[in-house]
Structure formats: structure tokens, C-alpha cells
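Counting in the UniProt record's numbering, the sequence shown runs from 1 upward without gaps.
Glycine included, C-beta positions come from ideal geometry on N, C-alpha and C.
The structure under discussion appears below in the form of C-alpha cells.
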Amino acid sequence: MELPSVEWKRVLVLLLVLGGLVLLASSETFQSAMSWLLGKAGPVIEAHPFWGAALFVLLSAFSAMLAFFSSAVLVPVAIHTWGEAVCVLLLWCGWMLGGACAYAIARAWGRPVVRRLVSNELFGRYEERISQHSSFGLVLLFQLAVPSEIPGYVLGLARYGLRRYLRVLAVAELPYAVGTVYLGSSLLKQRSLVLLALGALGILFSAWALHALRKRLGP
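Next up, the structure:
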């Protein structure tokens with residue numbers, strides 16, 4: 001499976017993160033720290049449920065727009081507070097909002113602003129190959145394959161239809177939201193084997209999507 005170096009690096013980073021999570025799941029020190037954090041954060045969020053949920057959605061949106069920001073560290077707190085199903089919904093809504101905002105920024109302010117927010121290497125590669133006429137299937141594969149902060153900007157600049165993009169975004173982000181929440185749940189419950197299996201499955205799927213996208217777009 002031939003992937004560009006930047007994409008191989010992404011797969012390698014995901015593998016390293018997964019290994020770290022498995023180690024943390026079996027660490028009593030980490031579990032003690034997590035219990036302390038949940039004990040402190042839980043009552044605060046429960047006292048302000050609307051603002052807690054709104055903040056989580058907003059931070060999730062930022063994570064879908066900016067490569068250097070991630071809301072994943074907040075997922076265990078969200079699971080503890082609202083449960084897995086609600087956490088999936090909030091995370092999915094946040095990522096949808098972030099993708100829509102990235103699209104709007106690209107449409108409104110154009111390439112100079114976008115190039116300050118995302119990787120020029122990835123952005124340049126896909127900007128030349130994704131257009132407003134690209135099929136739903138290709139754009140879905142694009143959304144599944146590359147870091148979440150890239151597609152919204154590329155498709156906004158390409159003036160891809162907003163309704164079509166939102167449909168793609170809804171379909172593509174849901175399985176990742178479910179997977180992220182179940183990874184967080186497995187971490188909290190110290191289910192190392194489940195965590196490893198889910199993480200490996202997600203990484204394999206991501207690598208397959210990258211490979212399939214390259215075959216569709218060419219070298």
C-alpha cells in the first residue's frame with residue numbers, strides 16, 4: 001500500500017497514540033488521576049448541563065477545523081457525565097459544526113486565510129484534484145481518508161454544494177464519533193484488548209481509505 005510520506009506519518013502517529021492508550025488503560029496511576037478529574041469535572045458539568053454540552057460541542061468543532069487542537073482528551077469526561085449515546089451525538093454535532101465552519105471560512109475568505117490554518121502539503125495536493133463536480137462517493141472517500149480539518153476548506157474553495165457536503169460530512173463523521181467514544185469508554189473501563197482491537201480496526205480503515213483515495217485520484 002503506497003501512501004505519501006505525510007500520510008504514512010499520520011498512520012504511524014495513530015499507531016503510537018494507540019500504544020500509549022493501551023499502556024494508560026493498564027496504568028493504576030493514570031486511572032487514579034482520571035478518577036480524580038472525573039470527580040472534579042462531573043459535578044461542575046452537572047450543575048451547568050446546557051453550558052457544559054455547548055462547550056463540548058464548540059471544542060469538538062474547533063478540533064475539526066484546526067490540526068493542532070483536539071477534543072479527544074475531553075471524551076472520557078463527556079462519557080462519564082452524559083453516557084456513551086449522548087456523547088456520540090454531541091461529538092458528531094461538534095464535528096459537523098466544525099466542518100461547516102471550515103467550509104464557510106473557505107468560501108468567504110479564500111485561499112490566503114485557509115493556507116494559514118492547514119497543512120500546505122496536504123491542502124495543495126487535494127485542492128488540485130477535488131472540484132465542485134466531484135462525485136458524492138469520491139468526496140465521501142476524501143472526507144473519510146484525510147485529517148478532518150482538510151475537506152471543509154478544500155470543498156469550500158472548490159464551491160462544492162453545501163447541502164451535498166453536509167450529507168457527506170454527516171455520513172463520514174458518524175462512524176468516527178462512535179469509534180472515538182467507544183475507545184474512550186474502553187479506556188475508562190480498563191478494557192485493554194477491546195481498546196487495542198477498536199483502535200487497530202480504526203487505523204486499518206483509515207489506511208484503506210487513504211489507499212483507495214490515492215487510487216481514485218492518481219499519484
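From what residue to what residue does the alpha helix (DSSP H) around residue i run?
i: residue 111; result: 111 to 114
i: residue 147; result: From DSSP, residue 147 is part of no alpha helix (DSSP H); its letter is neither H nor E.
i: residue 184; result: 162 to 188
i: residue 203; result: 192 to 217
i: residue 32; result: 28 to 47
i: residue 301; result: Coverage of the chain is limited to positions 1 through 219, which leaves residue 301 absent and any answer about it impossible.
Do you know offhand how far residue i's Cα is from residue j's?
i: residue 127; j: residue 47; result: 45 Å
i: residue 28; j: residue 35; result: 10 Å
i: residue 98; j: residue 177; result: 13 Å
i: residue 217; j: residue 75; result: 34 Å
i: residue 1; j: residue 204; result: Any reading at residue 1 must be qualified, since the residue scores a pLDDT of 41, below 50, and its modelled position is unreliable; no value is offered.
i: residue 130; j: residue 200; result: 29 Å
i: residue 100; j: residue 161; result: 12 Å
i: residue 85; j: residue 60; result: 16 Å
i: residue 3; j: residue 40; result: Here residue 3 scores only 45 on pLDDT, less than 50, and its place in the model should not be relied on; the value that follows carries that caveat. Roughly 43 Å separates the two Cα atoms.
i: residue 19; j: residue 189; result: 17 Å
i: residue 120; j: residue 93; result: 27 Å
i: residue 150; j: residue 118; result: 7 Å
i: residue 175; j: residue 109; result: 31 Å
i: residue 9; j: residue 54; result: 33 Å
i: residue 125; j: residue 187; result: 36 Å
i: residue 22; j: residue 194; result: 10 Å
i: residue 50; j: residue 215; result: 45 Å
Looking at residue i: is its Cβ nearer than 7 Å to the Cβ of residue j?
i: residue 115; j: residue 132; result: no
i: residue 143; j: residue 168; result: yes
i: residue 197; j: residue 153; result: no
i: residue 192; j: residue 25; result: yes
i: residue 213; j: residue 141; result: yes
i: residue 56; j: residue 72; result: no
i: residue 209; j: residue 145; result: yes
i: residue 165; j: residue 157; result: no
i: residue 102; j: residue 65; result: yes
Give the DSSP-derived three-state secondary structure of residue i in the structure shown.
i: residue 65; result: coil
i: residue 80; result: helix
i: residue 136; result: helix
i: residue 143; result: helix
i: residue 71; result: coil
i: residue 107; result: helix
i: residue 60; result: helix
i: residue 22; result: helix
i: residue 55; result: helix
i: residue 89; result: helix
i: residue 158; result: coil
i: residue 117; result: coil
i: residue 4; result: Caution is warranted here: a pLDDT of 49 is assigned to residue 4, below 50, making its placement in the model unreliable, and no coordinate value can be reported.
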